[in-house]
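These notes concern the structure reproduced below.
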Amino acid sequence: MWHARMEHPNEDAYAKTQRATTGMPVVKQEVKTLCGGCMKGKRTVAHFPSRSLTKSSHLLELVHTGVMGLMKTKLKGGAMYVLTFVDDHSRFVVVYFRKEMSEVETKFKAYKALYEDQWGR
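This note's numbering numbers the first residue of the sequence shown as -18 and each following residue consecutively.
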């Protein structure tokens, strides 16, 4: 109980606090155990790579997309959303400013047509 109240100190910190105060019970732990909070705090999390370890093998095989919005203030031309499309293979990027969220599919088709026209695919 004291361990949790003191925000999970290690054994030395707990002993120092006992010596520096009055009224705190002396608790000796014969068996070292970790509470649930300590166990969660000591676990490690695997690194999540910022880029994929593999790259697509040809154009338009994989397209990353992002939608940002609804903006508090209108952007260029009254747009309230920003759409991005990035081809994984070539890293070709296009950004669209849109007024309506419903325009995402239409703009993806425009991106695909632009890409195919530019690279003759």
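Glycine is no exception: its CB is placed at the ideal position from the N, C-alpha and C atoms.
In the displayed model, M52 falls within coil according to three-state DSSP, outside both helix and strand.
In the structure shown, the three-state DSSP call for F89 is helix.
Counting along the chain, D69 sits inside no alpha helix (DSSP H), nor does DSSP assign it H or E at all.
For N(-9), the closest alpha carbon among the candidates M20, G4, T2, T3 is that of M20.
Sequence-distant Cβ neighbours of V48 in its own chain, meaning closer than 7 Å and more than five residues away, are Y62, L64, V85. Pairing R79 with G50, the inter-Cα distance amounts to about 10 Å. Counting other Cβ atoms within 10 Å of its Cβ, D69 reaches 16 or more and is therefore classed as buried.
When rounded, the separation of the alpha-carbon atoms in D(-7) and R72 is 54 Å. The three-state reading of DSSP puts G47 in strand, counting E and B together. The Cβ-Cβ distance between V67 and V44 falls below 9 Å. In the DSSP annotation of this structure, the continuous segment of the beta strand (DSSP E) that includes V74 starts and ends at 74 to 79.
DSSP lists G50, R79 as the bridge partner or partners of Y62.
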